[in-house]
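Undergrad:
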Amino acid sequence: MGHSSWQLYDLRVRTPALELRVPTEDELVALCQVAKAGVHDPDTTPFEVPWTDKPSPRFEREFLQHFWSTRAQWTPERWMLDLAVFRDGEPAGFQNIGAENFAVLREVQTGSWLGKAFQGQGYGKQMRAGVLHLAFAELGAVAAESGAFIDNPASLAVSRSLGYQDNGRRRRAPRGEPREQQLFRLTRQRWQEHRFCEVEVTGLDSCRDMFGV
Ligand SMILES: CC(C)(COP(=O)(O)OP(=O)(O)OC[C@H]1O[C@@H](n2cnc3c(N)ncnc32)[C@H](O)[C@@H]1OP(=O)(O)O)[C@@H](O)C(=O)NCCC(=O)NCCS
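For the sequence shown, the working numbering begins at 441 and goes up steadily by one.
(1) Buried or exposed: which applies to Leu448, given that a residue is buried once 16 or more other Cβ atoms fall within 10 Å of its Cβ?
(2) Using 6 angstroms as the cut-off, classify the Cβ of Gln559 as near or not near the heavy atoms of ligand 1, replying yes or no.
(3) Using CA coordinates, which residue listed in Gln632, Pro614, Thr642 and Asp645 is at the minimum distance from Asp493?
(4) Quick one, which of Cys637, Leu554 and Ser496 has its alpha-carbon nearest Val453's?
(5) Which runs of the alpha helix (DSSP H) at least 4 residues long sit entirely within the region 534-594? Give them in chain order.
(6) May I ask you to report which of helix, strand or coil DSSP gives Thr485?
(7) In the DSSP assignment, the beta strand (DSSP E) including Ala475 goes from what residue to what residue?
(8) How far does the beta strand (DSSP E) with Gly524 in it reach, from first residue to last?
(9) Does Ile590 pass the burial test, meaning 16 or more other C-beta atoms within 10 Å, or should it be called exposed?
(10) Quick one: is Asp522 buried, meaning 16 or more other Cβ sit within 10 Å of its Cβ, or exposed?
(11) What does a CB cutoff of less than 8 angstroms around Ser671 pick up in its chain, not counting 5 residues either side in sequence?
(12) Would you mind stating whether Val653 and Leu579 have Cβ atoms separated by less than 7 angstroms?
(13) Can you tell me which of the three DSSP states Arg635 falls into?
(14) For Val544, count neighbouring C-beta atoms within 10 Å of its own C-beta (all shown protein chains included) and say buried if the count is 16 or more, exposed if not.
(15) If you pair each beta-carbon of the region 604-612 with each one of the region 467-485, do three or more pairs fall below 8 angstroms?
(16) Go through its chain and collect everything with a Cβ distance to Tyr563's Cβ below 8 angstroms, but skip five positions before and after it.
(17) So, with DSSP's three-state summary, where would you put Thr455?
(18) Under 6 angstroms from any heavy atom of ligand 1, does the C-beta of Pro593 make it?
(19) Strictly by DSSP, which residues pair up with Gly495?
(20) Ser601: which of Gly643, Phe503, Gln621 and Arg635 sits nearest, CA to CA?
Okay, structure coming up:
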């Protein structure tokens with residue numbers, strides 16, 4: 441039976457090796473431990489908001505608060521779907537997809553991370569391909585955007601190999617020092633030409649209206 445009150449819990453995005461879904465409270469705590477165990481070299485941050493720099497227990501509290509806040513603020517006009525990424529049933533990382541005024545603009549933005557133990561095995565591409573399928577094939581998106589600091593080869597390579605094109609640069613200073621970010625844009629046509637793996641989406645019918653479509 442489907443979830444009668446928060447229908448997003450029924451949504452599943454499956455790729456050959458991964459399942460993406462909205463985490464339960466217990467799964468969120470487990471995912472927090474994956475993040476705490478390490479997502480990147482501490483010498484530099486790959487994130488625009490340096491959330492991994494916080495010491496415990498602020499790290500854990502603010503990690504949970506991030507997820508609560510995106511759920512609490514969800515509207516069909518402005519939504520952010522924060523998905524936990526599971527490999528063999530265990531939390532491995534995070535993939536999100538969000539949009540503003542999707543009903544009219546049909547454009548999405550994404551962000552992601554994997555625990556260090558799960559990096560470099562093709563999962564980054566699979567999880568991005570998963571939410572791109574949700575956006576383009578299921579929700580009717582026309583474009584997807586992403587970005588990465590220019591010293592983040594893995595993230596740059598995920599975007600480029602899935603067909604994104606360079607879309608300018610901007611500066612951001614997550615630790616107070618300016619750094620260059622490469623922006624990317626993927627059109628529907630380019631997505632079709634660069635499809636990376638099989639993706640299956642289930643449970644969307646009961647929550648489709650939450651996305652403004
Ligand atoms: C970015 C991230 C999600 C990518 O996931 P991943 O599973 O490690 O990447 P994949 O194994 O799917 O590899 C994707 C591409 O990057 C390349 N790649 C992976 N690690 C690399 C590295 N250290 N240096 C250069 N290229 C690398 C792969 O060869 C592949 O390219 P290809 O398709 O042209 O062969 C993951 O590395 C991560 O969580 N990093 C830390 C957090 C982060 O940077 N988040 C994104 C912020 S914008």
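Every residue gets a Cβ at the ideal spot worked out from N, C-alpha and C, and that includes glycine.
TA: Reading it off the structure:
(1) By one-based count along the sequence shown, residue 448 stands at place 8. Buried is the call here.
(2) By 1-based counting over the sequence shown, the position of residue 559 is 119. With a cut-off of 6 angstroms, the C-beta of Gln559 is classified as near ligand 1, since at least one heavy atom of the ligand falls inside that distance.
(3) For the purposes of this step, residue 493 is taken as residue 53 along the sequence shown, with counting starting at 1. It is Pro614.
(4) Reading the sequence shown from its first residue, position 13 is the one you call residue 453. Considering only alpha carbons, the answer is Cys637.
(5) 542-545 and 563-573
(6) Position 45 of the sequence shown holds residue 485. Three-state DSSP puts Thr485 in coil, outside helix and strand.
(7) Position 35 of the sequence shown, counting from 1, holds the residue named residue 475. No beta strand (DSSP E) holds Ala475; the alpha helix (DSSP H) holding it covers Glu465 to Lys476.
(8) Here residue 524 refers to the residue found at position 84 of the sequence shown. It should be noted that the sequence gives Ala, not Gly, for residue 524. Counting along the chain, the beta strand (DSSP E) containing Ala524 begins and ends at Arg518 to Arg527.
(9) Taking the sequence shown and counting its residues from 1, one reaches residue 590 at position 150. Its Cβ having fewer than 16 others within 10 Å, Ile590 is exposed.
(10) Here residue 522 refers to the residue found at position 82 of the sequence shown. With at least 16 other beta carbons inside 10 angstroms of its own, Asp522 counts as buried.
(11) Limits of the chain in this structure are 441 at one end and 653 at the other, which puts residue 671 out of reach.
(12) Against the sequence shown, residue 653 aligns to sequence position 213. Against the sequence shown, residue 579 aligns to sequence position 139. Yes, they are a contact pair.
(13) As a first step, residue 635 is located in the sequence shown; it is residue number 195 there, counting from the start. Coil at Arg635, not helix or strand.
(14) The residue labelled residue 544 in the question sits at position 104 within the sequence shown. Val544 comes out exposed.
(15) no
(16) By one-based count along the sequence shown, residue 563 stands at place 123. Same-chain partners within the cutoff: Ala457, Leu458, Val525, Arg527, Ala532, Gly533 and Leu554.
(17) Sequence index remark: in the sequence shown, residue 455 carries index 15 (1-based). Thr455: coil per DSSP, three-state reduction.
(18) Sequence index remark: in the sequence shown, residue 593 carries index 153 (1-based). Distances taken from the Cβ of Pro593 to the heavy atoms of ligand 1 include one shorter than 6 angstroms.
(19) Counting from one through the sequence shown, the residue named residue 495 turns up at place 55. Before going further, note that residue 495 is Pro rather than Gly in the sequence given. For Pro495, which the question treats as bridged, DSSP gives no partner whatsoever.
(20) Residue mapping note: residue 601 aligns to position 161 of the sequence shown, counting from 1. Selected option, being the one with the closest Cα: Arg635.
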